[in-house]
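For the sequence shown, the positions run -19 to -1, 1 to 479 when mature numbering (1 follows the signal peptide of the UniProt record, and there is no 0) is used.
Below: the structure, in C-alpha cells.
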Amino acid sequence: MPVKSYRILTVSLALAALAACQHVAPLRSEAGRGEAGRVTPSCPGDATRSETILTLEKGPVEYTACAGTIRVTDTRDGPLADLFYTAYMLPSDKDEPRPIAFVWNGGPGADSRLLHFRALGPKTLQAGQLADNTDSPLPAADLVFLDPAGTGFSRASSDEAARTLYSTTGDIAATAQFIRRFLAAQGRTASPLYLVGESFGTWRASGVAEALLQVGQPVAGIALISGGIPMGEERDRALMRALSLPNRTATALALGKLDTSLSADPAGALASSELWARDVWYPALAAPQSLTFRQRQEVVTGLARFMGLAPSRIDSATLWVSPRDFRQGLLADEGKTLGIFDMRRTQAEEGDSGADAVLAYYRRALGFRDGKYAGIEVPALPVGRDWQYDQAPITKESLARAMAGEGPPSPSQPWVLRALEMSPTMRVLVATGLYDSLNGCAANREAANRFPAPLAKQIDTHCYRGGHMMYEDSAEAVQFADDLKSFFTNADDARKLE
C-alpha cells in the first residue's frame, strides 16, 4: 500500500468545502405557539412530521419527530448533498430555548443507527423490535441524528461532490453547514448547542465545533464517545501507549488470564497496572535502547503479569505490544483473536440487527418515503474505502500505527484545544469503554489533564465497564444516558462562567 504524505484533496477543493459553512440559505419552518408562551416544534422544509408519546416513570412526554433532508452546497450554491436527519423535539418556553444536540456515529462511513436505535433515541431496539427507551436523554435536550453523505438516506449529488464530502475537511464543512441551516430554519441559533460523536465521529464533533465557533455560532459542549480527544500529533506517544495497560489488565481479568495475586483484587489490580505503566513501562518505551538485558527482561516479566500474555509474545527489543498484538496473543493457545470493539469477546455477536424494524419505522411510523437506505435496502456505499484523510499528511510511521490498531492513518488536528481557546466555557465530555482496544481510560484522563489549567477544568472524563459501544451493557447504558442528561443541562452553569 503506497504511503501518501501529501494532502489528497487539492487546496482549492478543501477551501471551497470549508467556505461553504459561511453561506446559509433559509429553509421554511414555522414554529407554532402553544399556551402561555410555549413553542410547539415544527419541522424544517418539507420533512415529515409526527406526534408521539414517550412513556417515562415520571409520566408521558409528548414529542415531535421529523424525518427529512437538508441540502448542503458549495461556495457557488451548487448542490453537494442532501443530508438526512431524524429530529426529536419537545415544546419549549420561547424565552428559554431547550438545548439541542446533533448526534452521529463514525466510521468514516457509518450511519447514525448505533447511537440512535441502540442508545439515545426515544425508541430503541429491544429483542429486535423498537420500543420506548426510558433512558433516552430527550427530556434534557432535543436530539437530531445525522447520517453523513453516503450513509442511510443521505446522498452526494455527484461523484465530484462525493470526493469532496468523503474527506475529513469536506465532511466537517458540510456538517457545520447542515447544523447552521437546521438551526436557522427552526429559529434555534440561541439554543444551547451540543455535538455528540462516536468513534471517528469525535473528529467530526471537534472539527465542527471549531468551524461553528469561527462563524459566530456558540457551542455549549461536545461529547466525545469512544474516540479519545482529538489533539493533533501525539507529543508523548510513549506515555499514551503505556497508559493502554489498564484496559488490557481489565480484559485479562475478565477472561481469567491473570494470576490469583491480581485477580483476587480487581480494583487493586487496575490501580497497580496504571502505576506500573507510569513508573516502569513508560520510561522503558521512551528509551528501550538505554536498558540492559536484565532490565528488559524485568519489563517483559511485568508486561506478561499485567497483560496475561506469554513472555515469548512480547518483543524484548521495542517492549511495545500493539493493540493488534494483544488481541491476537491473549488467547492464541485457543486459536482465538479478541474483538476490536470489546476485547472480552472473540467474535461479533450474531443475531437480528433490527434492520427491518428500523426501515419499517422510517417508512410507516415517520412516513419518510424517499430514497433507499444504504446498508438495508441497497448495499452500503464505499465511503470508508474512498475516505481521504486530508487533515494531516499520511506518513510511513502513521500508516504503520494504523495497521497495528492505533487509530486512523494520519493524526487529527488539535480541534478541541482551538475550540476551547475560542470558547473557554464550552464543556467537553469524554466517554471511554474499559474493554475497548481503540481507547484507554487512563490515557484519556492524562490527555485531558494536559490541557492548559483553565481549559482542563472544562473536560470531564468517564470510564465505563463496557466496550467501544459501552451502551450495549445494560447497566452501563443507564449510566451513560444519565451522564449525557447531566451534560446537556450544564448550559446554565456555562452561562454563569461567561
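For every residue, glycine included, the Cβ atom is placed at its ideal position computed from N, Cα and C.
Strand pairing of residue i, partner residues [DSSP]
i, result
"THR170", "DSSP output for THR170 lists no bridge partner at all."
"MET70", "THR45"
"ASP417", "Its beta-bridge partners do not exist; DSSP assigns none."
"VAL459", "DSSP output for VAL459 lists no bridge partner at all."
"ASP63", "ARG52 and ARG136"
"ARG408", "GLY202"
"GLY40", "LEU37"
For residue i, three-class secondary structure by DSSP
i, result
"ILE153", "helix"
"PHE322", "coil"
"PHE468", "helix"
"HIS443", "strand"
"PHE349", "coil"
"TRP301", "coil"
"ALA355", "strand"
"PRO435", "helix"
"ILE203", "strand"
"ILE51", "strand"
"TYR175", "strand"
"LEU164", "helix"
"GLU77", "strand"
"VAL5", "Only weak support is given to the placement of VAL5: the predicted model assigns it a pLDDT of 47, under 50, and the value that follows is read from those uncertain coordinates. Of the three classes helix, strand and coil, the one that applies to VAL5 here is coil, per DSSP."
"ALA314", "Here residue 314 is Asp; the residue named in the question, Ala, does not match the sequence. DSSP places ASP314 in helix when its eight states are reduced to three."
"ARG344", "helix"
"GLN369", "strand"
"ALA361", "coil"
"THR327", "coil"
Residue span of the beta strand (DSSP E) that contains residue i, given as start and end
i, result
"LYS104", "104 to 107"
"SER31", "29 to 37"
"TRP85", "81 to 85"
"LEU111", "110 to 113"
"ASP123", "123 to 128"
Where the alpha helix (DSSP H) containing residue i begins and where it ends
i, result
"ALA198", "Rather than Ala, the amino acid found at residue 198 in this sequence is Gln. Taken as a continuous stretch (DSSP letters only), GLN198 belongs to no alpha helix (DSSP H), as it is neither H nor E."
"THR145", "140 to 146"
"ALA383", "377 to 384"
"ASP337", "336 to 341"
"ARG399", "396 to 403"
"ARG19", "Not the alpha helix (DSSP H): ARG19 falls in the beta strand (DSSP E), residues 19 to 21."
"ALA223", "218 to 223"
"ALA91", "Per DSSP, ALA91 belongs to no alpha helix (DSSP H) and is neither H nor E."
Minimum Cβ-Cβ distance from residue i to chain B less than 8 Å
i, result
"GLY365", "The structure shown contains no chain B; it holds only a single protein chain."
Candidates the options, of which the one nearest residue i by Cα
i, options, result
"ILE34", "ALA265, ARG259, MET450 and ALA346", "ALA346"
"PHE287", "THR299, ALA258 and ALA268", "ALA258"
"ALA108", "GLU453, PHE461 and ASP463", "GLU453"
"PRO25", "THR105, THR299, PHE65 and ALA192", "PHE65"
"LEU465", "MET403, SER117 and GLY133", "SER117"
"SER93", "THR299, THR282, THR149 and VAL125", "VAL125"
Original post:
Enumerated in chain order, which unbroken segments of the alpha helix (DSSP H) with a length of 4 residues or greater are wholly contained in the segment 230 to 299?
Top reply: Look at the segment 230 to 299 and you find these whole runs of alpha helix (DSSP H), each 4 residues long or longer: 241 to 244, 247 to 257, 263 to 267 and 274 to 288.
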